[in-house]
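Asker: Encoded as C-alpha cells, here's the structure I'll be asking about.
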Amino acid sequence: MAVINQAAAKLRAQLFESDDLIVCPGVQDGLSARVCLQQGFKNLYMTGAGTAISLLGMPDLGLTTADDMVRQASMLSSLDRSVPLIADIDTGFGGPVMVARTVERYILGGVAGLHLEDQVTTKRCGHLGGKEMVDVATFVARIRAAREARERLGSDLVIIARTDALQSMGFDEALTRLKAAVEAGADAVFLEGVKDREQMAKFTKEMAPTPCLINLVPGGLTPLVNAKEAKELGYRIAIWPCFAMTHAYVAYQKAAKELLETGAVTAGFTEKQKGAGENVEQVPGGIRELFELCGLSECVEFDNKMGGQTFSKGV
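Under this note's numbering, the letters of the sequence shown match residues 2 to 316, in that order.
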C-alpha cells in the first residue's frame, strides 16, 4: 500500500514543475522550525550538524544514531504536514539493508526529501577536513537501496545524492560519482564544499538537467551567495543549515553571563517584573508568546471542540 505524503508530492512538483529556487532554512529543533514556519517559509531543512549540536551537545562527527535522526526528522515533519522537509540522512547508517530501513523510517515519519552521502560511516561535517570516502560501488548501492525503499512504499520521496569527494578526489571524480548516483535512482545532486562561483556554475552546467543543491554554511568551505545568485548559477535548491544557530549561541551566552554575574536576567521583562517578581502582562519574547508560537491556542481549541475539559478553567 502506498504511503501518501502530500509534502513529498509538493516537493517533487516544486522541483520538476517549476523553475523557482527552493529556499530551505536550517532547523535543528522544534523552536527553530516553528519560527521559520511563522515567517512563512515554504520549505524546511533538517540539519545534521544542528541535530548533533542541539540534541546531543556534540560536534558533527557521525555521533548521531539512526534513531536520533529519525526521531528528529519525524518531529519536524509533523509540525506542518503541508510544508516539505528535506532532511540529512548522513550515510544511511550502514549497508544497503540498513539504508533501506532508515529511508523507510524517514518516509513513514513524513519527510519529503533527503540527502544521502558517500563518506564512510564514521563521517564528519562536510565543512571539516580529513573526510574519507567509500568507493563508487558502495555509494551507488546506498542510492539503489534508498530508491528501492521508496518504491516499496510507493512514496514520492525526493532522493538527493551528496558527494564529499571534491576536496580529496577532485571535481571530475565528484561528478562521476554523482552521475552514477543519478543512474541508480537519485532525483537531485549535492556537491559539498564547492569552492567558488566559477565551480558552482560549472557544476550545475555539467549535471544539467539534473537539479542541483547548494549548501551555504557561514564560515564553511563554500562562499556564501544569496538566493538570486544561487538561481542565476543554476541551482534549484539552496539550504542554509546553520543560518541562525550562531545568533542563538550568542543570545544564550549573553543571557547566561548576565544571570551568572548579576543573579537576574532583564531581557524580556517589564520594569515591574524586574523589581517585584510579580506576574504581570506578557511582553514580547515572554513565555506565553513562545507557547503561542508552538500551538497553545490550537491545542486549547482542539480540546474544546472534541468536548474535552482539560482547559475549561483557562490557561
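By construction, the Cβ of each residue, glycine as well, lies at the ideal position given by its N, Cα and C atoms.
#1: Which residues in the same chain as P97 place their Cβ atom closer than 6 Å to its Cβ, once the five residues preceding and following it in sequence are excluded?
#2: What residue range does the beta strand (DSSP E) around A189 cover?
#3: For E293, which option in V316, G308, A14 has the closest C-alpha, if you only look at C-alpha atoms?
#4: Which ranges does the beta strand (DSSP E) cover as unbroken runs of at least 3 residues, wholly within the stretch 198-223, from first to last along the chain?
#5: When burial is assigned at 16 or more other CB atoms within 10 Å of the CB, is I5 buried or exposed?
#6: Using the rule of at least 16 other Cβ atoms within 10 Å of the residue's Cβ for burial, across every protein chain shown, is N44 buried or exposed?
#7: On the CB-based measure, 16 or more other CB atoms within 10 Å of its CB, does M59 come out buried or exposed?
#8: If D89 sits next to M134, beta carbons under 8 Å apart, how far is it from one beta carbon to the other, in whole angstroms?
#9: With 16 other CB atoms within 10 Å as the buried threshold, where does S83 fall?
#10: Can you grab the Cα-Cα spacing for the pair G114 / L38, in whole Å?
#11: Tell me, to the nearest whole angstrom, how far the beta carbon of L154 is from that of I108; I am working on the premise that it is less than 8 Å.
#12: Just reading off the beta strand (DSSP E) that Y46 is part of, what are its end residues?
#13: Using only alpha-carbon positions, find the residue among E149, S298, S169 that is nearest to A185.
#14: G131 bridges to which residues according to DSSP?
#15: Along the chain, where does the alpha helix (DSSP H) containing G31 start, and where does it finish?
#16: What whole-angstrom Cβ distance do D321 and G63 have, given they're in contact under 8 Å?
#17: According to DSSP, is A162 helix, strand or coil?
#18: On a Cα-Cα basis, can you pick out the residue from A53, H116, A231, T123 that is closest to C243?
#19: For Q120, does the three-state DSSP call read helix, strand or coil?
#20: For A3, tell me which candidate among D136, P210, D157 has the shortest Cα-Cα distance.
#21: Count the other CB atoms within 10 Å of the CB of Y250; is the residue buried (16 or more) or exposed (fewer)?
#22: Consult DSSP for A147 and reduce its assignment to one of helix, strand or coil.
#23: Going by beta carbon distance, what residues of the same chain come within less than 6 Å of K232, once the five residues before and after it are set aside?
#24: Just how far apart, CA to CA, sit I144 and L176?
#25: What beta strand (DSSP E) runs, 3 residues minimum, are completely inside the stretch 233-262?
#26: Mind checking whether R163 and F191 have CB atoms under 8 Å apart?
#27: Give me whichever residues DSSP pairs with V28 in a beta bridge.
#28: I'd like the span of the beta strand (DSSP E) that includes I87, first residue to last.
#29: So for L154, helix, strand or coil by DSSP?
#30: Compare the C-alpha of G296 against each of L80, E18, Q15 and name the closest.
#31: With distances taken Cα to Cα, identify the nearest neighbour of S169 among I288, T65, D136.
#32: Can you tell me whether V281 is buried or exposed? The criterion is at least 16 other CB atoms within 10 Å of its CB, across all chains shown.
Answerer: In brief:
#1: Counting from 1 along the sequence shown, the entry for residue 97 is found at position 96. Around P97: A142, A146.
#2: Mapped onto the sequence shown, residue 189 falls at position 188. It spans 189-192 - the beta strand (DSSP E) in which A189 sits, taken as one unbroken run.
#3: Indexing the sequence shown from 1 puts residue 293 at position 292. Comparing Cα positions, the closest option is V316.
#4: The qualifying runs are 213-216.
#5: Against the sequence shown, residue 5 aligns to sequence position 4. Answer is exposed; the Cβ neighbour count stays below 16.
#6: If you number the sequence shown from 1, residue 44 lands on position 43. By the 10 Å Cβ count, N44 comes out buried.
#7: By one-based count along the sequence shown, residue 59 stands at place 58. The residue is exposed, with fewer than 16 neighbouring Cβ atoms inside 10 Å.
#8: Within the sequence shown, the letter at position 88 stands for residue 89. Within the sequence shown, the letter at position 133 stands for residue 134. Between M134 and D89 the Cβ distance is about 17 Å, and since that is not below 8 Å, they are no contact.
#9: Position 82 of the sequence shown, counting from 1, holds the residue named residue 83. Exposed, since its Cβ has fewer than 16 Cβ neighbours within 10 Å.
#10: Taking the sequence shown and counting its residues from 1, one reaches residue 114 at position 113. Taking the sequence shown and counting its residues from 1, one reaches residue 38 at position 37. In a straight line, the C-alpha of G114 is about 18 Å away from that of L38.
#11: Locating residue 154 in the sequence shown gives position 153, counting from the first residue. Locating residue 108 in the sequence shown gives position 107, counting from the first residue. Right, the Cβ-Cβ distance comes to about 5 Å (below 8 Å), so this counts as a contact.
#12: Taking the first residue of the sequence shown as position 1, residue 46 is located at position 45. Counting along the chain, the beta strand (DSSP E) containing Y46 begins and ends at 45-47.
#13: The residue labelled residue 185 in the question sits at position 184 within the sequence shown. For A185, the nearest C-alpha among the options comes from E149.
#14: Walking along the sequence shown from the start, residue 131 turns up at place 130. DSSP output for G131 lists no bridge partner at all.
#15: Locating residue 31 in the sequence shown gives position 30, counting from the first residue. Segment 31-39, the alpha helix (DSSP H) holding G31.
#16: Any answer about residue 321 is impossible in this case: the structure gives the chain only from 2 up to 316.
#17: Here residue 162 refers to the residue found at position 161 when the sequence shown is read from its first residue. Here A162 sits in strand by DSSP.
#18: Reading the sequence shown from its first residue, position 242 is the one you call residue 243. Closest option to C243, Cα to Cα, is A53.
#19: Reading the sequence shown from its first residue, position 119 is the one you call residue 120. The answer is strand: DSSP assigns Q120 an E or B state.
#20: Locating residue 3 in the sequence shown gives position 2, counting from the first residue. For A3, the nearest C-alpha among the options comes from D157.
#21: Indexing the sequence shown from 1 puts residue 250 at position 249. It counts as exposed.
#22: The residue you call residue 147 lines up with position 146 of the sequence shown. It is helical.
#23: By one-based count along the sequence shown, residue 232 stands at place 231. Same-chain partners within the cutoff: L22.
#24: Here residue 144 is taken as the residue at index 143 of the sequence shown, counted from 1. Here residue 176 is taken as the residue at index 175 of the sequence shown, counted from 1. Taking the straight line from one Cα to the other gives about 15 Å.
#25: 238-241
#26: Residue mapping note: residue 163 aligns to position 162 of the sequence shown, counting from 1. Residue mapping note: residue 191 aligns to position 190 of the sequence shown, counting from 1. Yes; because the gap between Cβ atoms is below 8 Å, this pair is in contact.
#27: Counting from 1 along the sequence shown, the entry for residue 28 is found at position 27. According to DSSP, V28 bridges with M47.
#28: Your numbering for residue 87 matches position 86 in the sequence shown. It spans 86-89 - the beta strand (DSSP E) in which I87 sits, taken as one unbroken run.
#29: Reading the sequence shown from its first residue, position 153 is the one you call residue 154. Correct three-state label for L154: helix.
#30: If you number the sequence shown from 1, residue 296 lands on position 295. If we check each option's Cα against that of G296, L80 comes out closest.
#31: The count along the sequence shown starts at 1 and reaches residue 169 at position 168. Among I288, T65, D136, the Cα nearest to that of S169 is on D136.
#32: On the sequence shown, position 280 is the one that residue 281 refers to. Model confidence at V281 stands at a pLDDT of 44, short of 50, so the residue's coordinates are unreliable; what they give is reported in the following sentence. The residue is exposed, with fewer than 16 neighbouring Cβ atoms inside 10 Å.
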